[in-house]
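Have a look at the structure below before the remarks.
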Ligand SMILES: [Zn+2]
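Numbering (my numbering), first residue to last: 156 to 300.
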């Protein structure tokens with residue numbers, strides 16, 4: 156098996172201009188944006204050719220604790236394998252518990268993200284000149300396309 160580094164470049168074909176480009180974690184933009192009086196965090200990357208914006212993560216600032224829970228429970232799950240406990244059964248129980256907790260936190264995060272996505276059905280654009288990200292509500296005309 157090939158060893159994979161943690162920083163991976165991914166190949167992406169832009170839906171809009173069909174340009175093929177690579178993006179890696181360093182190209183991901185993170186920005187705070189306010190929509191409908193809600194503070195949100197958006198992670199995205201932008202096509203270098205036509206500036207089409209592709210969201211990776213859109214989460215309410217109020218839901219950020221779910222993200223933290225996932226990171227923390229994953230760390231706890233990983234360290235449960237190295238836990239000093241008496242007997243294999245006990246250790247297995249510990250691991251299973253940590254795994255459940257991790258799965259549960261992921262579920263909560265997913266539903267929070269899904270909920271936000273449902274409420275905000277518009278789209279984002281990136282302006283190269285101002286380097287700003289804008290949110291647009293979808294109107295009826297655009298829905299028909
Ligand atoms: Zn493009």
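For each residue, glycine too, the CB sits at the ideal point set by N, CA and C.
What do you reckon, is the C-beta of residue i under 7 Å from a heavy atom of ligand 1?
i, result
"residue 283", "no"
"residue 171", "yes"
"residue 187", "no"
"residue 199", "no"
"residue 217", "no"
"residue 267", "no"
"residue 237", "no"
"residue 204", "yes"
Span of the beta strand (DSSP E) holding residue i?
i, result
"residue 150", "There is simply no residue 150 to check, as the chain begins at 156 and stops at 300 in what is shown."
"residue 287", "287–291"
"residue 189", "184–190"
"residue 214", "208–215"
"residue 193", "193–201"
On a Cα-Cα basis, can you pick out the residue from the options that is closest to residue i?
i, options, result
"residue 210", "182, 287, 283, 279", "279"
"residue 224", "214, 259, 283", "259"
"residue 205", "169, 187, 218", "169"
"residue 198", "216, 172, 192", "216"
"residue 249", "241, 256, 242, 235", "235"
"residue 195", "285, 283, 286, 271", "271"
"residue 275", "213, 240, 219, 284", "213"
"residue 267", "176, 167, 221", "221"
"residue 262", "218, 277, 291", "218"
Starting from residue i, trace the alpha helix (DSSP H) in both directions and tell me its first and last residue.
i, result
"residue 271", "243–274"
"residue 225", "219–235"
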